[in-house]
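Only one structure is covered here, and it is reproduced in the block below.
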Amino acid sequence: PCARSGGRQRTLAMIKPDAAASEEEIVALAHRHGLRVVARRRLNLSPAEVRLFYREHRARPFFPSLVSFMTSGPVVALVLEGEDAVPAWRELMGPTNSQTARAVARASIRAQYGTDGQRNAVHGSDSPCSAQREVSFFFGARSLVPIQLRLIFDRM
Ligand code: RTP
Ligand code: MG
């Protein structure tokens, strides 16, 4: 149902609060790797928005701390387009834990701009289906609806 894998794809990338000051450098890195910026938005997420965005992790022990981190400052949401954009951006990000990234993928964004397993500089959609959902989260018509109303609509 979602966009096919392979070929021209779009993915949702996000620069997290710990790396928002390096926005231009990170966007330049994406460009250099053949990923074109189709849409870009700098915003502050509310706790409810972070809980919705990361709802698959809501039962994990790190969830409350993830919500604090993600609301600690601005994030930059980007729609990136290019050949195999979903895996290409994940590859450029590096492993989830920035300390691991520095050991095994020194040129990756998480190795260069992140700190540890939580403060890891960037997010990237993990599949074309996630990408579609996450692009709508930041850039769909619903993203203009206040979060409280969205939560009510989600239950209808
Ligand atoms: P993301 O969704 O942000 O692109 O990262 P990911 O796929 O590589 O990792 P995921 O398992 O989806 O985790 C989402 C984010 O939660 C934070 N986290 N903290 N303290 C911890 O053990 C821990 N584990 C995950 C990270 O910010 C991670 O990117
Ligand atoms: Mg993930």
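Okay, so the sequence shown: first residue is 4 according to mature numbering (1 follows the signal peptide of the UniProt record, and there is no 0), each after it adds one. All residues carry an ideal CB built from backbone N, CA and C; glycine is no exception. Since this is a predicted model, take the numbers as computed values, not measurements.
Same chain only: Cβ atoms within 7 Å of residue i, ignoring 5 sequence neighbours per side
i           : result
residue 88  : 12, 13, 14 and 38
residue 118 : 21 and 101
residue 109 : none
Sequence-distant residues of the same chain with beta carbon closer than 6 Å to residue i, five excluded per side
i           : result
residue 25  : 116
residue 137 : 15 and 128
Helix, strand or coil at residue i according to DSSP, with G and I counted as helix
i           : result
residue 69  : helix
residue 152 : helix
residue 34  : helix
residue 109 : coil
residue 22  : helix
residue 104 : helix
residue 121 : coil
residue 62  : coil
residue 48  : coil
Environment of residue i [buried if 16+ CB atoms lie within 10 Å]
i           : result
residue 52  : buried
residue 141 : buried
residue 131 : buried
residue 152 : exposed
residue 62  : exposed
residue 93  : buried
residue 111 : buried
residue 114 : buried
CB contact below 8 Å: residue i versus chain C
i           : result
residue 114 : The structure shown has no chain C; it contains just one protein chain.
Cut-off 8 Å between Cβ atoms - residues of its own chain near residue i, not counting five sequence neighbours on either side
i          : result
residue 19 : 72, 73, 78, 122, 123, 124, 125 and 126
Next on the checklist: Within 8 Å, do at least three Cβ pairs link the stretch 93 to 102 to the stretch 115 to 129?
Outcome noted: These segments touch.
Checklist entry - Does the pairing of the stretch 29 to 46 with the stretch 70 to 90 give three or more beta-carbon distances under 8 Å? => result Contact holds: three or more Cβ-Cβ distances are below 8 Å.
Next on the checklist: Please enumerate, following chain order, all residues with a beta carbon closer than 7 Å to at least one heavy atom belonging to ligand 2.
Outcome noted: Ordered by chain, the residues meeting the criterion of a beta-carbon within less than 7 Å of a non-hydrogen atom of ligand 2 are 126 and 129.
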